[in-house]
Amino acid sequence: LSSLLLKFFSALAVVHEAGIAHRSITGDTVLLTAKSQDKSTALQRCDASLLVVKLRSFYFSSPLGDSSPDRLDSASLFGVDKSSTLSLAALSIAEDLFSLGYVFLGLLLGALAEIKETDLSSPKIRAGVSAQDLERQVQDVFAGDLSEFRMYVAAEPKWSRVVGFLDEDDSSGWDFLSTLLKAREAVKKSD
């Protein structure tokens, strides 16, 4: 999964290097395909060396330093200097990273869940957890506190592998996830 996450970031870096902010990253806008002719085998094995991550659906994309009214509203919300193109670009990148953090969390909760045969009929289990639902839960229920969210996830036996993965290397996975989910606030501090 770490290798796959790196590919997610590489795909996003290509977009940002082109001077574009995606602005609507969800699980539906991340496309996972394979280099080989036999795509189904590569996807079933989930071998990161055979997989390619692409971003799609650029309907809401804009230049990184976009100063349109809605972008200026976002800058005001996060206390970012609206007169600085560099600050607006940093906020656009941070917003994409924030969204990618929730996509990654949803991927973990879906891919590493230990599902019992009796749970397979539940459409929520099969589909995983949406990034929007996770954002509402982390932000509204746990007030952005990932340590509280971690305790909630740890209390669910089906997510023990998720907790184990994020707990590795002295909780570096949780720290990394926290950095992504607090990227927008970090722009204000660096401004």
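Numbering of the sequence shown is given in full-length UniProt numbering, commencing with residue 1 and proceeding in unit increments.
Where is the CB? At the ideal position from N, CA and C, for every residue including glycine.
When the Cα atoms are used, what is the spatial distance from residue i to residue j?
i           : j           : result
residue 178 : residue 28  : 22 Å
residue 137 : residue 188 : 24 Å
residue 181 : residue 97  : 7 Å
residue 49  : residue 83  : 43 Å
residue 152 : residue 132 : 18 Å
residue 154 : residue 6   : 25 Å
residue 166 : residue 129 : 17 Å
residue 4   : residue 145 : 26 Å
residue 185 : residue 111 : 29 Å
residue 90  : residue 52  : 26 Å
residue 11  : residue 175 : 22 Å
residue 65  : residue 158 : 42 Å
residue 202 : residue 13  : Because the chain here runs from 1 to 191, residue 202 falls outside it and cannot be looked at.
residue 163 : residue 108 : 9 Å
residue 81  : residue 74  : 11 Å
Can you name the residues that DSSP bridges to residue i?
i          : result
residue 33 : 52
residue 10 : Its beta-bridge partners do not exist; DSSP assigns none.
residue 20 : 63
Helix, strand or coil: how does DSSP classify residue i here?
i           : result
residue 94  : helix
residue 62  : strand
residue 26  : coil
residue 147 : helix
residue 156 : coil
residue 113 : coil
residue 178 : helix
residue 187 : helix
residue 192 : Limits of the chain in this structure are 1 at one end and 191 at the other, which puts residue 192 out of reach.
residue 133 : helix
Using the Cβ count rule (16 or more neighbours within 10 Å means buried), how would you classify residue i?
i           : result
residue 86  : exposed
residue 59  : exposed
residue 114 : exposed
residue 161 : exposed
residue 141 : exposed
residue 30  : buried
residue 127 : Legend: pLDDT at residue 127 = 48, less than 50; position of this residue unreliable, no value from coordinates given.
residue 17  : exposed
residue 106 : buried
residue 134 : buried
residue 192 : Any answer about residue 192 is impossible in this case: the structure gives the chain only from 1 up to 191.
residue 156 : exposed
residue 101 : buried
residue 56  : exposed
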